[in-house]
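Participant:
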Amino acid sequence: MTSEVTQQQAANVESSVGLSSSDEILNRVGHVTRTLHDSLSGLGLDKILEQVAQDIPDARDRLAYVARMTEQAAERVLNATDVAIPLQEELASGATALEQRWKSVMAEPSLKSEYNSAANETLTYLAMAGKNTAETKALLMDIMMAQDFQDLTGQVIKKITGLAQDLEKQLVQLLIDFSPAIPKKDAEANKADTGDNSALLNGPQIDPNAVDVVASQEQVDDLLDSLGF
Amino acid sequence: MANTNTKFLVVDDFSTMRRIVRNLLKELGYTNVDEAEDGVAALSKLKGGGFEFVVSDWNMPNMDGLTLLQNIRADAELSKLPVLMVTAEAKKENIIAAAQAGANGYVVKPFTAATLDEKLSKIFEKLEKAGA
């Protein structure tokens, strides 16, 4: 329906302006396109887009690196604990068994053969304890070394955070440069009409020299005075 | 092996890495270890005196490890101090720059306990030869 009307209007315009005018329309569209292209380049938009196209894969690669390093570290730690836990369990159960053994030997201290066999079991246990604690210590060192990812991924994440901030800044600048002045005012008026105050939530003004910002209470008071409050 | 009482300064902006290096040094028998979080803090600690070995990261805020190294070499009191770079910077130009600035060793992260041990031993050996 709408398109029919539009086509009709276009046909009317065409028939009324004639062939030479349609040439002029083409010229003007060409001119506008050229101006747009020039202004995009002039604002460095082409550079920004090029930068974005480079930065995104770069950030993706860096994040993949973070994922890989953290996964490796987690596996290393879990593997070490898988080995260390049975070593510790062996120590604990051996100690409990020996304790019982010695208690029963002490109950009847006269049995020399029992005493000797308990002593031998103790020696075996001590040898095992020495081996297990040395192995556990090596595993703990490995767990410690596995944490070296934090330094590396930390550096990478800092870079990506910086990159995200740059992108944000550039995109915001893009919005500022390209938002047409009049529609922006309309949007603000609409916001006010619908009672949306989110536009007023700007937080503390970090630049007192910025346009439309007051720098002191005095200026606030003066402003209120001038408005008759 | 050098004197186990050698006083080390470990410089890194990540506390995790400082703890790891400290623990590794302890494992190697060196228990006299202090830490600094960047080049500025390191330089002020070093100027306080008493340090005999520096293990430093490169990429740090305020003052990076290369600048720290250059400052150490330019300081009459500190110029002879052995400096081992332990860094994630793995470009050739980085390693060359560190060497030109007078680093005694260069370890790329991530590294193993054995690597650190080897580099430390090598530096101590050279120092002993130079001293002998």
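For the protein sequence lines, the chains are B and W, in the order given.
Straight run, no breaks: the first sequence in this note's numbering ends on number 229.
Straight run, no breaks: the second sequence in this note's numbering ends on number 1132.
Don't be surprised by glycine CBs; every beta carbon is placed ideally from N, CA and C.
Go through its chain and collect everything with a Cβ distance to Y1106/W's Cβ below 6 Å, but skip five positions before and after it.
Facilitator: The residue you call residue 1106/W lines up with position 106 of the second sequence. Same-chain partners within the cutoff: M1085, I1095 and A1098.
Participant: Which whole-angstrom value describes the C-beta separation of T153/B and M69/B, a residue pair presumed to lie in contact below a C-beta threshold of 8 Å?
Facilitator: By one-based count along the first sequence, residue 153/B stands at place 153. By one-based count along the first sequence, residue 69/B stands at place 69. Yes, T153/B and M69/B are in contact; Cβ-Cβ is about 5 Å, under 8 Å.
Participant: What are the residues of the region 151-165 of chain B that lie near chain W, defined by any Cβ-Cβ distance shorter than 8 Å?
Facilitator: If the cut-off is 8 Å between Cβ atoms, the region 151-165 of chain B has D151, L152, G154 and Q155 near chain W.
Participant: Should I85/B go down as buried or exposed, given a rule of 16 or more other Cβ atoms within 10 Å for buried?
Facilitator: For the purposes of this step, residue 85/B is taken as residue 85 along the first sequence, with counting starting at 1. Its Cβ having fewer than 16 others within 10 Å, I85/B is exposed.
Participant: Under the three-state reduction of DSSP, which class applies to M1060/W: helix, strand or coil?
Facilitator: Residue mapping note: residue 1060/W aligns to position 60 of the second sequence, counting from 1. The answer is coil: DSSP assigns M1060/W none of H, G, I, E or B.
Participant: What residues in its chain sit with their C-beta under 7 Å from that of A1036/W, if we drop five residues either side in the sequence?
Facilitator: The residue given as residue 1036/W occupies position 36 in the second sequence. Closer than 7 Å at Cβ, skipping near neighbours: L1009, V1011, A1042 and K1045.
Participant: Examine the Cβ distances between the region 1013-1031 of chain W and the region 1063-1072 of chain W and report whether three or more of them are shorter than 8 Å.
Facilitator: No, they do not touch.
Participant: Tell me where the beta strand (DSSP E) around T1112/W begins and ends.
Facilitator: Mapped onto the second sequence, residue 1112/W falls at position 112. From DSSP, T1112/W is part of no beta strand (DSSP E); its letter is neither H nor E.
Participant: With C-beta atoms as the reference, is P1082/W less than 8 Å away from I1020/W?
Facilitator: For the purposes of this step, residue 1082/W is taken as residue 82 along the second sequence, with counting starting at 1. For the purposes of this step, residue 1020/W is taken as residue 20 along the second sequence, with counting starting at 1. No, they are not a contact pair.
Participant: Are K1109/W and T1087/W touching if we call contact CB-CB under 8 Å?
Facilitator: Sequence index remark: in the second sequence, residue 1109/W carries index 109 (1-based). Sequence index remark: in the second sequence, residue 1087/W carries index 87 (1-based). Yes. Within cutoff.
Participant: Would you mind working out which of Q1100/W, V1040/W and D1117/W sits nearest P1061/W, comparing C-alpha positions?
Facilitator: What you label residue 1061/W is simply residue 61 of the second sequence in a count that begins at 1. If we check each option's Cα against that of P1061/W, V1040/W comes out closest.
Participant: Is there at least one Cβ from chain W nearer than 8 Å to Q173/B's Cβ?
Facilitator: Taking the first residue of the first sequence as position 1, residue 173/B is located at position 173. No - not a single Cβ of chain W is within 8 Å of the one on Q173/B.
Participant: Looking at N116/B and L87/B, is the spacing between their C-beta atoms short of 8 Å?
Facilitator: Taking the first residue of the first sequence as position 1, residue 87/B is located at position 87. Taking the first residue of the first sequence as position 1, residue 116/B is located at position 116. Against a cut-off of 8 Å, the Cβ pair of N116/B and L87/B comes out as no contact.
Participant: Does at least one heavy atom of the ligand HEM sit under 7 Å from the Cβ of G94/B?
Facilitator: Inclusion of the ligand HEM in the displayed structure is not the case, the ligand content being empty and no account of it being possible.
Participant: Within the same chain, show all residues whose beta-carbon is closer than 7 Å to that of T122/B, passing over the 5 residues directly before and after it, in chain order.
Facilitator: Reading the first sequence from its first residue, position 122 is the one you call residue 122/B. Excluding residues within five positions, the ones whose Cβ falls inside 7 Å are L98.
Participant: Alpha carbon to alpha carbon, how far is F149/B from S113/B?
Facilitator: Position 149 of the first sequence, counting from 1, holds the residue named residue 149/B. Position 113 of the first sequence, counting from 1, holds the residue named residue 113/B. Taking the straight line joining both Cα atoms gives about 56 Å.
Participant: If we ignore side chains and look at the alpha-carbon of each, how far apart do S1121/W and N1104/W end up?
Facilitator: The residue you call residue 1121/W lines up with position 121 of the second sequence. The residue you call residue 1104/W lines up with position 104 of the second sequence. Going by the C-alpha atoms only, they are around 11 Å apart.
Participant: Nearest to A1130/W by CA position, among K1080/W, G1049/W and M1017/W, is which residue?
Facilitator: Against the second sequence, residue 1130/W aligns to sequence position 130. Closest by alpha carbon: K1080/W.
Participant: Measuring alpha carbon to alpha carbon, tell me which of Q1100/W, K1047/W and A1101/W ends up nearest A1076/W.
Facilitator: Residue numbering aside, residue 1076/W sits at position 76 when the second sequence is read from its first letter. If we check each option's Cα against that of A1076/W, K1047/W comes out closest.
Participant: In chain order, which continuous runs of the alpha helix (DSSP H) of length 4 or greater are located wholly inside the region 1017-1095 of chain W?
Facilitator: You should have 1039-1047 and 1065-1074.
Participant: Compile a chain-ordered list of the residues in the region 138-150 of chain B whose CB is closer than 8 Å to at least one CB of chain W.
Facilitator: So the close ones are M141, M144, M145, Q147, D148, F149 and Q150.
Participant: Quick one: which residues of the region 1016-1036 of chain W get their C-beta closer than 7 Å to a C-beta of chain B? List them in chain order.
Facilitator: Residues passing the 7 Å Cβ filter: T1016, M1017, I1020, N1023 and E1027.
Participant: Given this structure, state the Cα-to-Cα distance separating T1006/W from G1102/W, to the nearest angstrom.
Facilitator: As a first step, residue 1006/W is located in the second sequence; it is residue number 6 there, counting from the start. As a first step, residue 1102/W is located in the second sequence; it is residue number 102 there, counting from the start. Rounded to whole angstroms, T1006/W to G1102/W spans 20 Å at the Cα level.
Participant: Contact check, V156/B vs R62/B under 8 Å by CB: the rounded distance?
Facilitator: As a position in the first sequence, residue 156/B is number 156, starting the count at 1. As a position in the first sequence, residue 62/B is number 62, starting the count at 1. So it is a contact: roughly 5 Å between Cβ atoms.
Participant: So, is the C-beta of E1109/W closer than 8 Å to a C-beta in chain B?
Facilitator: Within the second sequence, numbered from 1, the residue matching residue 1109/W stands at position 109. In the sequence as presented, Glu is not what sits at residue 1109/W; that position holds Lys. Yes, contact with chain B.
Participant: In this structure, does DSSP put G130/B in helix, strand or coil?
Facilitator: In the first sequence, residue 130/B corresponds to position 130, counting from 1. Three-state DSSP puts G130/B in a helix.
Participant: Would you give the residue range spanned by the beta strand (DSSP E) that L1009/W belongs to?
Facilitator: Here residue 1009/W refers to the residue found at position 9 when the second sequence is read from its first residue. L1009/W -> beta strand (DSSP E) spans F1008 to V1011.
Participant: Give a yes or no on whether the minimum CB-CB distance between N1003/W and chain B is below 8 Å.
Facilitator: Taking the second sequence and counting its residues from 1, one reaches residue 1003/W at position 3. False, the Cβ-Cβ gap to chain B never drops below 8 Å.
Participant: I need the boundaries of the alpha helix (DSSP H) containing F1014/W, first residue and last residue.
Facilitator: Against the second sequence, residue 1014/W aligns to sequence position 14. Counting along the chain, F1014/W falls outside any alpha helix (DSSP H), and DSSP gives it neither H nor E.
Participant: From this set, W1058/W, Y1030/W, N1059/W and K1092/W, which residue's C-alpha is nearest E1052/W's C-alpha?
Facilitator: Taking the second sequence and counting its residues from 1, the one referred to as residue 1052/W is at position 52. The candidate whose alpha carbon is nearest that of E1052/W is Y1030/W.
Participant: Answer yes or no: do A80/B and L139/B have a C-beta to C-beta separation smaller than 8 Å?
Facilitator: For the purposes of this step, residue 80/B is taken as residue 80 along the first sequence, with counting starting at 1. For the purposes of this step, residue 139/B is taken as residue 139 along the first sequence, with counting starting at 1. Yes, they are a contact pair.
Participant: Can you tell me the Cβ-Cβ gap for M128/B and E89/B, rounded? I've got them flagged as a contact below 8 Å.
Facilitator: Sequence index remark: in the first sequence, residue 128/B carries index 128 (1-based). Sequence index remark: in the first sequence, residue 89/B carries index 89 (1-based). Going by Cβ atoms, the distance from M128/B to E89/B rounds to 12 Å, so no, they are not a contact pair.
Participant: From T194/B to E50/B, what does the alpha carbon distance come to, in whole angstroms?
Facilitator: Start at 1 with the first residue of the first sequence, and residue 194/B comes out as number 194. Start at 1 with the first residue of the first sequence, and residue 50/B comes out as number 50. Since pLDDT at T194/B reaches only 44, below the 50 mark, its modelled position is unreliable, and no value is offered.
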